[in-house]
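Asker: Numbering (my numbering), first residue to last: 1 to 493.
Beta carbons: idealized from backbone N, C-alpha and C, even for Gly.
Take a look at the following structure, please.
Now the structure itself:
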């Protein structure tokens with residue numbers, strides 16, 4: 001196992017891959033330093049003296065400015081490092097060629113829907129139009145488990161607190177997200193459960209849904225019937241018969257759409273898990289597939305890397321707007337743009353937002369950016385897409401699902417049990433946490449600093465994703481976890 005890593009030849013810091021004791025002698029290439037204090041795993045130490053006001057370099061980029069002089073061998077963290085980021089910025093398009101070579105075909109066993117879309121699950125979803133019927137939805141989920149048989153894999157309710165007492169874009173977001181969920185191909189059947197007096201009632205929501213298969217989507221407005229649960233069970237039985245007719249079939253991996261997100265990052269996330277996911281993304285894209293990267297606030301400080309990989313000037317301008325619009329979102333609510341990283345990130349070794357963002361964007365691999373999506377917008381272009389959504393784990397993962405992701409890859413250095421509306425693969429950045437939370441973690445990328453290369457792990461992850469797409473349950477699914485969180489952006493009446 002490696003003891004430390006210098007990520008880029010221009011870096012003036014290295015990262016400890018195990019705890020380093022004070023006084024320990026360290027050889028990093030041409031640098032020989034003595035640890036001046038204990039350096040925790042995942043944390044940085046200086047390879048040479050860094051003067052106050054000088055940039056600290058990691059990943060080959062500035063991750064902040066030294067608050068004070070830092071001696072060689074010194075621990076580099078929040079006590080002596082600060083962000084160098086400003087507010088709104090102007091950008092110049094400096095395109096970087098990043099085309100990928102095509103690779104051989106791969107396949108998975110999925111479900112072909114009547115509209116031609118592909119699903120990786122054959123579930124029945126109960127989607128409330130408003131939080132007032134959440135309890136009914138959960139009760140129905142429990143009762144309807146008797147319909148789980150044959151190819152009907154699960155009945156899932158997705159409660160949420162919205163659908164009424166919202167204004168403007170906030171209400172609009174809810175309607176768009178619910179409509180996207182109704183059309184998601186992982187659901188073989190959908191029951192839309194309304195109350196009747198809410199703003200986003202069923203007749204209003206149908207305008208957002210547009211065309212739909214009447215065998216696949218059923219509607220029930222609870223105020224209109226005497227026994228809403230009895231009527232709902234009748235409809236769910238009809239949906240189970242319809243969904244039960246679907247069978248898995250061989251489908252080209254070029255039809256897979258995979259979301260990419262990180263949370264509870266540590267100092268190894270940008271060294272192991274995120275680069276492995278980036279290599280996976282390149283591999284899937286080389287086979288004609290699609291990936292979606294989100295959590296815009298965690299692009300701040302690394303956004304130019306993505307901007308310059310945009311395939312066209314128009315996509316570059318959309319990415320500039322993606323970044324600056326999110327900064328304006330913060331300032332419009334009188335919040336600090338760079339109130340990041342979190343306490344858990346800092347404990348794991350991340351010191352500034354640039355540090356976090358440069359690690360976060362490793363998940364994008366090297367492919368050109370082919371699409372830039374608004375929140376709730378469906379993916380249309382194959383290849384790498386950027387999606388507008390916040391960093392919050394549940395909100396961002398839900399956003400990936402509603403934009404079309406069949407599966408979400410979630411890298412983490414701290415661990416988390418949450419799920420999303422689609423299978424959510426937890427990828428650990430370190431082996432200690434993978435062993436400690438084996439009931440949460442599906443894939444251990446921490447092996448990259450032990451005995452596996454990035455390329456080997458990316459191929460292994462690719463094979464694992466194909467298995468999940470073919471029906472293998474991830475740990476959160478085995479535990480029965482399914483979450484949905486809509487982005488709250490406005491006033492509640």
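Taking buried to mean at least 16 other C-beta atoms within 10 Å of its own C-beta, is residue 145 buried or exposed?
Answerer: Label assigned to residue 145: exposed.
Asker: Using only CA atoms, which one of 479, 11, 104 and 364 lies nearest to residue 308?
Answerer: The shortest C-alpha separation from residue 308 is found at 364.
Asker: Which residues in the same chain have their Cβ closer than 6 Å to the Cβ of residue 25, if we skip the five residues on either side of it in sequence?
Answerer: Result list for residue 25: 34, in chain order.
Asker: Where residue 162 and residue 192 are concerned, what is the direct C-alpha to C-alpha distance, given to the nearest angstrom?
Answerer: Answer to the nearest angstrom: the Cα atoms are 14 Å apart.
Asker: Does residue 47 pass the burial test, meaning 16 or more other C-beta atoms within 10 Å, or should it be called exposed?
Answerer: By the neighbour-count rule (16 or more Cβ atoms within 10 Å), residue 47 is buried.
Asker: Less than 7 Å between C-beta atoms, sequence neighbours within five positions excluded: which residues of the same chain meet that for residue 244?
Answerer: So the qualifying residues of the chain are 150, 151 and 152.
Asker: Quick check on DSSP: helix, strand or coil for residue 156?
Answerer: It is a strand residue.
Asker: Please tell me whether residue 109 and residue 216 are closer than 8 Å, where the distance is taken between their beta carbons.
Answerer: Result no, Cβ atoms of residue 109 and residue 216 do not sit closer than 8 Å.
Asker: Can you give me the C-alpha to C-alpha distance between residue 125 and residue 487, rounded to a whole angstrom?
Answerer: When rounded, the distance between both Cα atoms is 20 Å.
Asker: Determine the closest residue to residue 127 out of 343, 194 and 478, with distance taken between C-alpha atoms.
Answerer: Cα-wise, what sits closest to residue 127 is 194.
Asker: Taking only runs of the beta strand (DSSP E) that begin and end inside the region 54-99, which ones reach a length of at least 3 residues, in chain order?
Answerer: Runs of the beta strand (DSSP E) inside the region 54-99: 55-58 and 61-66.
Asker: When DSSP labels each residue in this structure, what does residue 344 get in the three-state scheme?
Answerer: Three-state result, residue 344: helix.
Asker: Between which two residues does the beta strand (DSSP E) containing residue 312 stretch?
Answerer: That residue, residue 312, is in no beta strand (DSSP E); it is neither H nor E in DSSP.
Asker: I need the DSSP call for residue 385, collapsed to helix, strand or coil.
Answerer: The answer is strand: DSSP assigns residue 385 an E or B state.
Asker: To the nearest whole angstrom, what separates the beta carbons of residue 233 and residue 138, a pair I think is in contact under 8 Å?
Answerer: So it is not a contact: roughly 14 Å between Cβ atoms.
Asker: Alpha carbon to alpha carbon, what distance is there between residue 298 and residue 326?
Answerer: Taking the straight line from one Cα to the other gives about 11 Å.
Asker: Please check the pair residue 74 and residue 36, which I expect to be a contact at CB under 8 Å, by giving their CB distance rounded to whole angstroms.
Answerer: At roughly 5 Å, the Cβ-Cβ gap stays under 8 Å, so residue 74 and residue 36 are in contact.
Asker: Evaluate residue 200 with the Cβ neighbour count: other Cβ atoms within 10 Å of its Cβ, from every protein chain shown; 16 or more gives buried, anything less gives exposed.
Answerer: By the 10 Å Cβ count, residue 200 comes out buried.
Asker: Please report the straight-line C-alpha distance between residue 156 and residue 27, rounded to a whole angstrom.
Answerer: Taking the straight line from one Cα to the other gives about 54 Å.
Asker: Tell me whether residue 282 sits in a helix, a strand or coil according to DSSP, three-state version.
Answerer: Three-state DSSP puts residue 282 in a helix.
Asker: To the nearest whole angstrom, what separates the beta carbons of residue 484 and residue 421, a pair I think is in contact under 8 Å?
Answerer: About 5 Å; that satisfies the 8 Å criterion.
Asker: Per the DSSP calculation, residue 252 is bridged to which residue(s)?
Answerer: Per DSSP, 107.
Asker: Can you tell me whether residue 203 is buried or exposed, with buried defined as 16 or more other CB within 10 angstroms of its CB?
Answerer: Flag for residue 203 reads exposed.
Asker: Figure out for me which residue from 101, 79 and 410 has the closest Cα to the Cα of residue 284.
Answerer: It is 101 whose Cα lies nearest to the Cα of residue 284.
Asker: Using three-state DSSP, classify residue 455 as helix, strand or coil.
Answerer: Three-state DSSP puts residue 455 in a helix.
Asker: Please say whether residue 282 and residue 357 have beta carbons closer to each other than 8 Å?
Answerer: No, Cβ-Cβ distance for residue 357 and residue 282 is not below 8 Å.
Asker: Looking at residue 294 and residue 387, is the spacing between their C-beta atoms short of 8 Å?
Answerer: It is a contact, given that the beta carbons lie within the stated cut-off.
Asker: Three or more C-beta pairs closer than 8 Å, one from the region 368-388 and one from the region 221-235: is that the case here?
Answerer: No, the region 368-388 does not touch the region 221-235.
Asker: Is DSSP giving residue 435 helix, strand or coil here?
Answerer: Of the three classes helix, strand and coil, the one that applies to residue 435 here is helix, per DSSP.
Asker: With a 10 Å radius around its C-beta and 16 neighbouring C-beta atoms as the bar for buried, classify residue 380 as buried or exposed.
Answerer: Exposed: under 16 other Cβ atoms inside 10 Å.
Asker: Just how far apart, CA to CA, sit residue 278 and residue 454?
Answerer: Whole-angstrom Cα-Cα distance: 10 Å.
Asker: Just to confirm, is the Cβ distance from residue 475 to residue 444 under 8 Å?
Answerer: Cβ atoms of residue 475 and residue 444: not closer than 8 Å.
Asker: Applying the criterion that 16 or more other CB atoms from any shown protein chain within 10 Å of the CB defines a buried residue, is residue 167 buried or exposed?
Answerer: Exposed, by the Cβ-count rule.
Asker: Going by alpha carbons, who is nearest to residue 187 out of 240, 21 and 173?
Answerer: When each option's Cα is compared against that of residue 187, the closest is 240.
Asker: Which residue from 289, 399 and 107 puts its Cα closest to that of residue 377?
Answerer: It is 399.
Asker: Work out the CA separation of residue 350 and residue 478 for me, nearest whole Å.
Answerer: For residue 478 and residue 350, the distance between alpha carbons rounds to 32 Å.
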